[in-house]
Structure formats: structure tokens, C-alpha cells
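Residue numbers (UniProt numbering): 1 to 386. Heads up, the beta-carbon is just placed ideally off N, CA and C, and yes, glycines get one too. Bear in mind that the values here come from a model prediction, so they are computed numbers and not experimental data.
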Ligand SMILES: Cc1cc2nc3c(=O)[nH]c(=O)nc-3n(C[C@H](O)[C@H](O)[C@H](O)COP(=O)(O)OP(=O)(O)OC[C@H]3O[C@@H](n4cnc5c(N)ncnc54)[C@H](O)[C@@H]3O)c2cc1C
């Protein structure tokens, strides 16, 4: 019997992982992504990966844990987690996402500049239409939808499942630090924390959360940092920093109210000098700033997922259970999804829809709920579990 054709939409973390699992089994899937081939600086930020997730990547990438850390880690003293033992599932590494995706992509068949526009399951296969200059049309037997939080597949097939915008005002900045300041101010702060992320809630403003993460130390000693300023959105008045309905293009528009809020922060005394340095109003104005929305996607009903599963379509990762960037562990969940869906499809199970078993859906739901709760807790809010 000929192998069924397998298509993956999305060359992100879950789609690439699924592609690698299949390739390891000698099965070549075609992966489509809307973006052009990535330059090295796209996604050049750190993400926290836990051993319970990244351990699945080691055999796929044919590296041991030490090499994995060495190739990917942005941690201040590599390998920072050398003291971890095999029993520590929660051990983590701060990995550069661009480098991870680069390693995962090797030898995969990826068609860049292919934005999926339309999907239609038919009796003879799943019909896919891509927005290319001459409109590419193809059909596939099995489709893995790994197209992220704004998933075109989910939007077309499960229109009631829409991302939920959580009520938080979040500004992200990218900050470059000269080598002398890095050595005197930032390196000690990261080393004291034993991590390449430091966070605090300033005294007198306990629902404001400040975070600074190290993205990269360059060869000349300068460093790239990423920071976030976040707080719950106002509920009693219009919040200029919480623009839930802004267009994607408007993410770069930062209201003056943000700089006024920064000006009111009192960052001295018992917080690390690194915070006073990064969150100084005039310095922040020089940074590359983005207005971030905290989105989550609640797991769609099992019956609906199964209905499409029976037609050969499996949805994974942020497409069906996105977690907010702050408080979330969705890259880890995406790795596990990629491994599990790749193995499920690779086994050529007759009942593809059984991928959506009770245990997996419960795990996804717990992940989304846990991340929303963590986001609350980061801002001094405690959610009742009753
Ligand atoms: C700045 C930042 C920091 C983060 N930090 C962490 C962290 O520390 N820890 C953590 O666990 N998670 C973190 N995350 C979240 C994590 O990156 C995502 O949850 C994860 O990438 C989701 O994987 P995915 O494969 O489901 O989707 P994605 O990685 O988003 O991949 C989706 C892919 O689909 C493609 N695509 C979308 N639509 C189409 C279409 N119509 N046609 C073709 N292709 C399409 C996109 O181009 C993209 O390549 C962070 C996210 C961001 C943005």
C-alpha cells in the first residue's frame, strides 16, 4: 500500500519537531510556512525549555544533553545546568529559539513563502490553497496543523475557537548594552540569580512585574537583552496600555502614557541596579518597543477535534492550546506535541482521531489554565480555585 501523503502547516517549534520525528522514521512530510526563509536574527530570543520537553529532542538531533546546552544556551555561564541530574525533570535551559529552529530544520522539506489561505476536506483528500504569486493548490491525505496562535486551519474549521486576550498591559523592549555596563551591572545580577532571567515587583507598585532576559552576549562583550513591563489592565477606566483590539501593525505604537508610568517607578534601594538601568524612561525610549498581547487559546471541544481528525486533520501546539507568553510554557508543550503527533502519524494508526484522547486533552487544558494562573500570580493576583 502506498504511504499516505503528509503535509505540515507551520515551520515553527511543533511543526518542525513533528517533521523531524517523521524523518527519523524515514517518512518525508512537506512543510509549508508563510514566512520567507529565516535570516539568522529572526526569533533570536531566549526561551526557557524544561528537561521534560527538551529531552525528546536529544535523540532527534543526535546530540547529548551537554552538547544541546552548549549549542543553544544563552545562559550566563554555560553550561549553567551542568549540576542537574537525570531525575530533575524541571531542570531548564534558556535556549535561543532561532538556533533551535535552525537545528530542527536540517534536511526537512520546507516550502517557504507559502501562506495557507484555504483548506477544504474532500472525499479524495484535503485540498489546500496557498497564497503564492500563481496560487499553489495541492492535496494531502494527512494534515498536521501547527500554524500557531492565529492558525488558519483552526479559524477555517473551528470558527468558534478564538484566541482569548487576557487583561494585561504588556510592553516589551529590546535593549543593547555596552560591554562595560554588562560586566559591571548585568552580569552580576544574572549570576546572583543563577539564571539569565531576572524579575522583580517594585515596592509600592506590587502588581507591576519587571523582567529582564539575556538574549545573547556578543563576541565583543556587548549584550542583547529583552525586557518586559507588565501589569493588570485597568478595569475601572480606559487603559491606554491595554489595546486588545489593536491591529498587528499597531504593535509598534507605544502610547506616551507608558513613559509616564515608567517615570513614576521608584527603582532604587533593594532592587538590582540592572532594573534602574533598563527601565529608565529616556533609555527605554531608545529601545525597540512592542505592545504585546497576552493570548490564550482554550482547547476546543473533543467532539469537534475528533470530527476533523476522522478526516485526516490533526491540530497541535499554539493552534489549539496557546498559552500567554508571560507565564506560559507553550514552546515546551509544542515540542511534546510535535513528538507525539509525529509518532502517532508515523505509526500509521487507522484511527487518527484517537490522537485526541482524554489524557492528552486534559494535559492541554491544564497547561492553558496553569499559565493563566501563573500570569495572575506574577502580578500579585491570586485566583480562586473554587
Ligand atoms: C517573545 C516570545 C518569548 C517566548 N518565550 C517562551 C518561553 O520562554 N517558554 C515557552 O515555553 N514559550 C515561550 N514562547 C511561546 C512559544 O514560542 C510558542 O508557544 C511556540 O513557538 C508555539 O509553537 P507552535 O509550533 O505551535 O507555533 P509557532 O512556533 O508560532 O509556529 C507557527 C508557524 O506557522 C506559520 N504559519 C502561521 N500561519 C500560517 C499560514 N496561514 N500558512 C503557513 N504558515 C503559517 C508561522 O509562520 C510559524 O512559523 C515565547 C513566545 C514569544 C513570541
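Residue 199 is bridged by DSSP to 211. Residue 312 sits in coil when the DSSP states are folded into three classes, being neither helix nor strand. For residue 50, no alpha helix (DSSP H) encloses it; the enclosing beta strand (DSSP E) starts and ends at 46-50. Annotated as distal: residue 209 and residue 246, with beta-carbon spacing of 8 Å or more.
Linking residue 172 to residue 252 through their CA atoms gives a straight-line distance of about 10 Å. Residue 11 sits close to residue 105, with the two beta carbons spaced by under 8 Å. About 6 Å separates the CB atoms of residue 324 and residue 371; that is less than 8 Å, so the two are in contact. If you draw a straight line from the Cα of residue 62 to the Cα of residue 347, it comes to about 21 Å. Residue pairing of residue 177 in beta bridges, as defined by DSSP: 223. Looking at 57, 220, 47, 160, the one whose alpha-carbon comes closest to that of residue 19 is 57.
With contacts defined by Cβ atoms closer than 8 Å, residue 321 and residue 380 do not form a contacting pair. Secondary structure of residue 109 (DSSP, three-state): strand. Per DSSP, residue 68 is one residue of the alpha helix (DSSP H) stretching across 65-72. Bounds of the beta strand (DSSP E) holding residue 96 are 92-96. For residue 116, the enclosing beta strand (DSSP E) starts and ends at 116-122.
Our two residues, residue 130 and residue 333, have alpha carbons roughly 27 Å apart in a direct line. Note that the C-beta distance between residue 29 and residue 13 is not below 8 Å. Counting along the chain, residue 292 sits inside the beta strand (DSSP E) bounded by residues 288-292. Taken atom to atom, the span from the alpha-carbon of residue 217 to that of residue 181 is near 12 Å. In the DSSP secondary-structure assignment, residue 164 is bridged to 296. In this chain, the alpha helix (DSSP H) harbouring residue 16 covers 13-24. Here residue 232 is actually not in contact with residue 163; their C-beta atoms are around 19 Å apart, not less than 8 Å.
Here residue 16 is not near residue 6, since their CB atoms are 8 Å or more apart.
The residue from 339, 158, 195 with its alpha-carbon nearest to that of residue 60 is 339. One alpha carbon belongs to residue 154, the other to residue 317, and they sit about 11 Å apart.
Here residue 231 is bridged, per DSSP, to 169.
Residue 8: member of the beta strand (DSSP E) spanning 6-9, first to last residue.
Taking 8 Å as the cut-off, the Cβ atoms of residue 170 and residue 212 do not count as close.
With fewer than 16 other Cβ atoms inside 10 Å of its own Cβ, residue 118 counts as exposed.
Taking every protein chain shown into account, the CB of residue 26 has fewer than 16 other CB atoms within 10 angstroms, so this residue is exposed. Annotation: residue 158 to residue 120 spans about 13 Å, alpha carbon to alpha carbon.
In the structure shown, residue 32 adopts extended strand secondary structure according to DSSP, grouped into three states. C-alpha of residue 204 to C-alpha of residue 242: approximately 21 Å in a straight line. The C-beta distance from residue 197 to residue 94 rounds to 7 Å, short enough to meet the 8 Å contact threshold. The straight-line gap separating the alpha-carbon atoms of residue 49 and residue 92 is approximately 5 Å.
Not one heavy atom of ligand 1 lies closer than 7 Å to the C-beta of residue 89.
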